[in-house]
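Numbering (the working numbering), first residue to last: 5 to 565.
Have a look at the structure below before the remarks.
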Amino acid sequence: MREQLRVDLRGIVDILSHNLYSSQAVYLRELLQNARDALEARRRIDTDFDGKIRVVSASGGEPMKVIDNGVGLTADEMRNLLATIGSSSKRGDLEAARSKFLGQFGIGLFSGFLVADNIEVFSRSAKSPDATTIRWVGHSDGTFTITEAEEQLSSPGTEVHLQPRHGELEWCNAEAALRLGRQYAELLEVPVLVDGTLVSQNSRPWDMPVEEQLQWCRERLGFEAMGIIALDSSLLNVRGVAFVLPYTAQPGHRTGDRIYSNGMLVADSDDQLVPSWAFFCRAVVDSGDLPLTASREALLESNSKSFVSERLGARLLSELIMVQGMAPDVYQDIIRLHSAGLKSLAVQGPDMLSLLRTSLPLTTTMGKFTLDDLIRQGDDLAYVSDAGAYAALEEVAVHADALVIDASGPHDRALLERINKTEQQRFREVDADHIVHLAKPENHPDSAAADRVAWLGAEALAEHRINVQVALFKPDTRPAMWWSAAEARGVDNASATLILNGNHPVVARLMEDETAPVAETVHALYVVGLLMAGHSVTQDQTRILSEAVSTLSLRALAHSE
C-alpha cells in the first residue's frame, strides 16, 4: 500500500539545498554517519558484535549502496523516523530531532535527495531474531512505500540504495566514492570499505609520535609546522593537536581548523572551537561529545562549546609559556613570525601581556630589550611610533648614548601605553623634534664665523621662513639637523630651524672660506636636512636641491680646470 510521508518534502528539499548542507558531497558523510550510529546502537544489545560499513559506488546503471550490519530498523521505526522532520524548517526543531537516533537517521537519510530522486532502504532489525527485511522507498514527490522485501537480508543491518539522477553521477562514481570516503571516514574507528578499499581506522594525529604528526601536517594541511601543541579537554572527550604556522598570520583572520566528531570529519575550515586569537596555529580537533548542528557541518553554540574553547585557549597559552622555558629558540622563531598578533593579544589580555613582558624583544637605539628590561631602566623612557621619525632620531641617539624605543611596529604603541596604565607612566611618546634634546648642540667656539654663516644661510632661505643656526653636535658625519619646533628656540616668524653641524667638513669649510658659496650649500643642506628628518619633499624643494647641486658642481668643475 502506497502511503503519504508525514513530512513537507518540498520544505525539506529547500532546507537541504539552501539552509542545511553546503554541497552534494555531504550525502555520503551523512549516510556513513547513519551507518556508524547503527553500529553503535547494535553494540548496546550485542557486545560481541563486529561492525562494518561497506560502500559500493554507482556504475553500469547500478545504484550507489551504503551497507552496514548495524541494529537495523523495523517497519514502525521506518514510519516514525521521518515523523518529526519536515513539519518545520526551524533550526531548533531540526536540532532537537537530531538529538535522537531516529531523528538523526531521518535527517541524514534525506541527504540522499541531494543526488537522487528516489531513496531505497532495505533493513532488518537486530532486536528480534525472526525479524524480516523491510523495504522502504522514498520518492521526490513526497510519497513513500513500506513493504516486506522480496529478497531477505541474511543478517541484521541496513542497505541504502541511491540511483543518481542525471548530472549527479560524478558524486556517486568510483572515484568520488573513494575520495569522499577517505575524506570523511579516515579517522573512524570502525572499518569502512569503499569498493573493497579500507578508508578508515587511520591513526589519529593527536595519538601519533611527533615525527608522524609533522608528516600528517605536511600531507593533509600542506605546511611544515614550527611546533605542535597538544589540545586535550577532559570535558566531553575533546582531543586534538595544534600545528604552529611557519608563516606570518594576520591577527583576527584564522585559516580555520579541521574538526571531527568521534572520528567523522565535520568541517575543514572551522573557526568555532579554538579561540579566534590563536591565529598563529591551525588545529585538528575531535569535538567528542559536543553537539552538532542539524547539518552536522558545524558545532552547535552552547555553554559546553564556550567552556571547551576557553580550556583550549588556556592550553595554548600554557604551552607557549612552557616552550619559552624549554625551547627558547623555537619560541623566538614563533615570536619573530607572529609578534604583531601576539602583541595585539597582549594589549587585550593580562595573560599574554605577562608572557610577552619577559620575552618580546623591542628594538631601541641601544639594542633589543624586553619590556621588563626596559621597565627596569627607570621612568620616562622615550619612544617613537613613526618609522620615519625613528630613522631620523636613531643615528643621533646612538652617538648620544640615549635610549629611544622604536614603537613603529603594529601594536607597539598600544602595548607601551598598556604598560603605562599598570606601571605608572614609564614610557612617553616623542617625535622627530626630540632630536635636538638628544643631540644637545653646543655653541661653536668661533662665534663670529658661525654667526656669519647662519646669517647668510637665513638670507638664502628667507622666502621659506626658515631660521639657520650653526652649532656642534654628534655624529660629525651628519651635516645638518632639521627642527620644526622653531618657536621653542625663540625665533620669530620662522616655520622651522636648520641647525648646521660645525663638525661636518662642508660646514667647517663655509666658516673658514668667506668666498665659499653659502647660499647654494645651505639650499642643498636644507633639503638634505628634511630628508634625514624623515620628511617627504615637495616638487619645489626637489627643484631647490637640483639647482643647488648643479651650481655647486659647475663651480667645482671650473675650479678643477
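Here a beta-carbon is modelled for each residue, glycine too, at the ideal position from N, C-alpha and C.
Distance from the Cα of Glu172 is smallest, within the candidate group Ala62, Ser158, His508 and Arg139, for Ala62. Of the residues assessed, Tyr530 falls on the buried side of the cut-off, its CB having 16 or more other CB atoms within 10 angstroms. A check of alpha carbon separations from Leu239 across Leu324, Ser299, Pro295 and Leu191 identifies Pro295 as the nearest. Residue burial is scored here from C-beta neighbours: Glu215 has fewer than 16 other C-beta atoms within 10 angstroms and is therefore classed as exposed. Taking Leu304 as the centre and dropping the five residues before and after it, the same chain places the C-beta of Glu99, Leu294, Pro295, Leu296 and Thr297 closer than 8 Å to its C-beta, in chain order.
With fewer than 16 neighbouring CB atoms inside 10 Å of its own CB, Tyr251 falls in the exposed class. Counting only unbroken stretches of 3 or more residues, the beta strand (DSSP E) elements lying wholly within the stretch 131-170 are 137-143, 147-152 and 161-168, in sequence order.
A direct Cα-Cα distance of roughly 16 Å separates Ser26 from Asp275. Nearest in C-alpha terms to Gly185, of all of Tyr394, Leu35 and Leu349, is Leu35. Distance from the Cα of Thr426 is smallest, within the candidate group His441, Ser358 and Phe477, for Ser358.
Spatial neighbours of His403 in its own chain (CB-CB distance under 7 Å, excluding positions within 5 residues in sequence) are listed in chain order as Lys478 and Pro479. Rounded to the nearest whole angstrom, the CA to CA distance from Pro414 to Lys347 is 8 Å.
Annotation: Glu66 is outside any alpha helix (DSSP H) and is labelled neither H nor E by DSSP. Setting aside the 5 residues that flank it on each side, Glu421 is surrounded in the same chain by Phe431, each with a C-beta closer than 8 Å to its C-beta; the list follows chain order.
Annotated three-state conformation of Gln276 is coil, per DSSP. About 7 Å separates the CB atoms of Val164 and Ile123; that is less than 8 Å, so the two are in contact. Where Tyr25 is concerned, there is no enclosing alpha helix (DSSP H), because DSSP gives it neither an H nor an E.
Straight-line spacing of the CA atoms in Val312 and Leu166 works out to 38 Å. A Cβ-Cβ contact shorter than 8 Å links Ala271 with Glu301. Between Ala350 and Leu419, the gap from beta carbon to beta carbon is short of 8 Å. When secondary structure is reduced to three states using DSSP, Gln328 falls in the helix class. By the Cβ-count criterion, Asn241 is exposed, with fewer than 16 other Cβ atoms from all chains shown falling within 10 Å of its own Cβ.
For Gly185, the enclosing alpha helix (DSSP H) stretches over residues Ala178 to Ala189. Between Leu378 and Ile409, the beta carbon gap of about 7 Å places them in contact (Cβ cut-off 8 Å). Annotation: the stretch 493-533 contains the following complete segments of the alpha helix (DSSP H) (minimum length 4 residues), in chain order: 509-516. In this structure the stretch 144-151 does not lie against the stretch 40-58, because fewer than three pairs of beta carbons, one per stretch, are closer than 8 Å.
For Arg208, same chain residues with a beta-carbon under 6 Å away, outside a window of 5 residues either side, are Leu191 in chain order. In the DSSP assignment, Pro365 falls within the unbroken beta strand (DSSP E) covering Pro365 to Thr368. Counting only runs of 3 or more residues that sit fully inside the stretch 348-426, the beta strand (DSSP E) segments are 365-368, 371-374, 385-388 and 408-410, in chain order.
If you draw a straight line from the Cα of Arg456 to the Cα of Val474, it is about 9 Å long. For Leu32, the uninterrupted alpha helix (DSSP H) run begins and ends at Val30 to Ile49, by DSSP.
Between the alpha carbons of Gly161 and Ile71 lies a distance of about 8 Å. If you check the CB distance, Val434 and Ala386 come in under 8 Å. Judged by DSSP in its simplified three-state form, Arg430 adopts coil rather than helix or strand. Between the stretch 230-239 and the stretch 309-329 there are three or more inter-stretch CB-CB distances shorter than 8 Å, so the stretches are counted as touching. The continuous stretches of beta strand (DSSP E) do not include Gln219, which lies in the alpha helix (DSSP H) extending over residues Val214 to Trp220.
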